[in-house]
Each structure stands twice: as C-alpha cells, then as structure tokens.
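**Student:** The opening residue of the sequence shown carries number 7 in my numbering; numbering runs sequentially from there.
The C-beta atom is built at its ideal place from N, Cα and C for all residues, glycine as well.
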Amino acid sequence: MGRGATSQNGLIECSTDKILEKLTAAVNTQNKTSECKLDYILKKLTAVSAKTNAARLWRGCLWCTPAPRREAGTVRRTVDDMKVFFQSCKGFDPHQTTDFYNSWAETYEQDSETMKYRAPQLAVDFLNDHFCGNRGDAQVLDVACGSGLAAKLMFDLGFKHFVGVDGSKGMLEQAAKSGLYRELKLALLGTDPLPAQTGEFDVVIIVGALRDGFVPVSIIRELYKTTKPGGYVCMSRVDPKSESGNKYKTSMERELQLMVEEGLWSPVDTKEMHRYMIDVYNDKSKDEKKEDFLHGTMYLYRKSLNKL
Ligand SMILES: C[S@@+](CC[C@H](N)C(=O)[O-])C[C@H]1O[C@@H](n2cnc3c(N)ncnc32)[C@H](O)[C@@H]1O
Numbered sequence: 007m008g009r010g011a012t013s014q015n016g017l018i019e020c021s022t023d024k025i026l027e028k029l030t031a032a033v034n035t036q037n038k039t040s041e042c043k044l045d046y047i048l049k050k051l052t053a054v055s056a057k058t059n060a061a062r063l064w065r066g067c068l069w070c071t072p073a074p075r076r077e078a079g080t081v082r083r084t085v086d087d088m089k090v091f092f093q094s095c096k097g098f099d100p101h102q103t104t105d106f107y108n109s110w111a112e113t114y115e116q117d118s119e120t121m122k123y124r125a126p127q128l129a130v131d132f133l134n135d136h137f138c139g140n141r142g143d144a145q146v147l148d149v150a151c152g153s154g155l156a157a158k159l160m161f162d163l164g165f166k167h168f169v170g171v172d173g174s175k176g177m178l179e180q181a182a183k184s185g186l187y188r189e190l191k192l193a194l195l196g197t198d199p200l201p202a203q204t205g206e207f208d209v210v211i212i213v214g215a216l217r218d219g220f221v222p223v224s225i226i227r228e229l230y231k232t233t234k235p236g237g238y239v240c241m242s243r244v245d246p247k248s249e250s251g252n253k254y255k256t257s258m259e260r261e262l263q264l265m266v267e268e269g270l271w272s273p274v275d276t277k278e279m280h281r282y283m284i285d286v287y288n289d290k291s292k293d294e295k296k297e298d299f300l301h302g303t304m305y306l307y308r309k310s311l312n313k314l
C-alpha cells in the first residue's frame, strides 16, 4: 500500500504530511466536538508513530486543546507550524473561517509577525498617503478588524475614532484589549448585515478579509453605503494562487468598476503589494529554507459627494 492510501478495512496508512489533509477533510463534515474529532482520527490510523504525530499536529491546530508550547506563550510558532495550521482551514466557509479565527485569536498577532504579515501596515500607509481631512475628527469603520492591527497603526498617525466589526468573538476580545474602539460589533458578514448606518463613516477600511470563504463581494456595496459622501473606502486583499481566488478577484474588480459606472464613487488609487505575507497556504516548500511570499492588491475609492 502506498503513502496515504486507504486499506480495505478503511484504516489509513500514511505519512504525517498527509494525515492532516486527508482526515481534516473527513472530520470537517462531522458535527462533533474537538476531542471527538481527534478520537475519530486516532481510530482511523494504524501506525503508533502516525497516531502520535497526528495528535501532536491536531493539538497544535484548530479544534483541540492548544499544545503545551503554545500555552507557555513564550515559545513562538515557526513558519512550518503555521503551514501545518493553515492546511486545516482549506475550503472553509465563512462560518468555519471565523471559528478558525476564534481558535487562533490569542496568538494571532505573534503569529502574524512570524508570517511577516504586512498587509495592515501597507494598507494604512496607502490610505494615509491619500487621505485629505482632519484625522483626529474622522470616524473610522474597521471591517473584519481582527485583533485591531489596522486601528493601532492608524492611531499612531492621528486617527482617534474607531468602530470595529468582525465575525469572530475571540478576535473582537483581542481588539477590545487595544482600548481604541468605541464600539466592537459581532457580525458574520454575508449572512448578517453590516451593523452600521448609512453615511456614518469618513473612512471604511477592510484588510485581509475580501477573499473566498471570508467576506463575499456583495459586502462592498454595504461598505460604500456606510461611508459619508466624500469619504474613503480602503480595501486590501491577498492575490490568489487558486482558481477560486482568481474568480473572487475578477468578480470583485467587476463590482468596483460597475459602481464607478453607476456614479457611486471614483477610484483614488490601486496598488500592488509585494511580499504581503509568507505563503503559509503552500506547504510544499516546507523543508526548503527559502520563503515564498504571497502578494496582494490595495484599492482606494472615494464616495461621490452627491450620494447618500
Ligand atoms: C486575516 S484576518 C484580518 C484581520 C485584520 N483586518 C488584520 O489585518 O489583522 C481576517 C479577519 O476576517 C474575519 N472574517 C472572516 N470572514 C468574516 C465574515 N464573513 N464576517 C466577519 N468577519 C470575518 C476573521 O474573523 C478575521 O478576524
């Protein structure tokens, strides 16, 4: 039997590389607790070494008790750890994605540094370069705010008034620790409406969430609606390396252009971001020393003055 093959009795003989991928796909369809999912995996494996490795991988991942090295809080996860972690979230829907962020929230910022995640810094600089107005007075809506990385950077540039929205309670709890947000709202965008009034914000920013399995393209009109006439919508996203990612980008750019043609807003600038973050979705280069980077794109639009 080859690596990763399933025997006739349904047991799986495979290398640890393959374990997470195969079994995650199987248990993701089951409505069970974390510990039940791990039990299911262990029963499916024949080799003792594979069981040990699977348990270790899973405990470091999504549904299980965090591994001791994470609890210690002092030992950082490596890029390879992050690659294993990210294998577990492939193909997630938005509900599963926000659960994933719940489980990740506590070490999100530390791990983001490890992954050289530069998107918030690049997006905030991009916005700041174009922003005309009084930063201290501007009302900012941080959509899919996560732990608040963008607001922290904007605060340093003089922005003071923030409202945050995210679908992950755990991430909102981290954002609350920043003390920067006057309100933090839980909403699963695409399912729940954007919890904001029409024409409420001078700046709406969304970083790292406009992608397949996260926030749908339809949310863009809601971002526009909650912006004041003359206000800015800043959107930053990772560029796809997959067919579904390409489809998302095409459909997003079509929507952006359609809204220009409808006279709702005008483009201020679009910019490619090099080295958005290390490509932790690709575990093929796991054993190689070189780091593969993902790139991204930032879009800045300004709402027409005559629209509400
Ligand atoms: C990559 S993180 C980005 C967080 C933050 N903007 C940053 O750059 O650090 C993606 C965030 O999007 C949130 N998210 C994903 N899908 C969502 C949805 N459908 N509705 C609301 N939040 C969502 C996640 O909970 C997570 O906090």
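Please name the residue or residues paired with Trp271 in a DSSP beta bridge.
**Tutor:** Looking at the DSSP assignment, Trp271 forms a beta bridge with Lys309.
**Student:** Let me make sure I understand the geometry here. Which of Ile212, Trp271, Lys253 and Val149 has the alpha-carbon closest to that of Met304?
**Tutor:** Of the candidates Ile212, Trp271, Lys253 and Val149, the one whose C-alpha sits nearest the C-alpha of Met304 is Ile212.
**Student:** For chain C, find out if any of its Cβ atoms is closer than 8 angstroms to the Cβ of Tyr114; answer yes or no.
**Tutor:** Looking for chain C here will not work: only one protein chain is present.
**Student:** Mind checking Ser248: buried by the 16 CB within 10 Å criterion, or exposed?
**Tutor:** Ser248 is exposed by the Cβ-count criterion.
**Student:** Excluding the five sequence neighbours on either side, which residues of its own chain have a C-beta within less than 8 angstroms of the C-beta of Leu311, listed in chain order?
**Tutor:** So the list reads Pro235 and Gly236, once near-sequence residues are dropped.
**Student:** Shortest alpha-carbon distance to Asp198 belongs to which of His280, Pro222, Asn288 and Asp208?
**Tutor:** Closest option to Asp198, Cα to Cα, is Pro222.
**Student:** Would you call the CB atoms of Leu147 and Val130 closer than 8 angstroms?
**Tutor:** In this structure, Val130 does not lie closer than 8 angstroms to Leu147 by Cβ.
**Student:** Where do the ends of the beta strand (DSSP E) carrying Met121 lie?
**Tutor:** Per DSSP, Met121 belongs to no beta strand (DSSP E) and is neither H nor E.
**Student:** What did DSSP end up calling Lys183 once you bin it into helix, strand or coil?
**Tutor:** Helix, per DSSP.
**Student:** Out of Asn288, Gly302 and Met121, point me to the one whose CA is closest to Lys96's CA.
**Tutor:** When each option's Cα is compared against that of Lys96, the closest is Asn288.
**Student:** Between Val85 and ligand 1, is there a pair consisting of the residue's CB and a ligand heavy atom that are separated by less than 7 angstroms?
**Tutor:** Every heavy atom of ligand 1 is 7 angstroms or more from the Cβ of Val85, so no.
**Student:** So, are the CB atoms of Arg82 and Gln127 less than 8 angstroms apart?
**Tutor:** No, these two residues do not count as a Cβ contact at 8 angstroms.
**Student:** Taking the beta strand (DSSP E) that Tyr287 falls in, what are its first and last residues?
**Tutor:** Careful: Tyr287 lies outside any beta strand (DSSP E) and carries neither H nor E.
**Student:** Grouping DSSP H, G and I as helix and E and B as strand, with all else coil, what is Thr276?
**Tutor:** Thr276 falls in the strand class under three-state DSSP.
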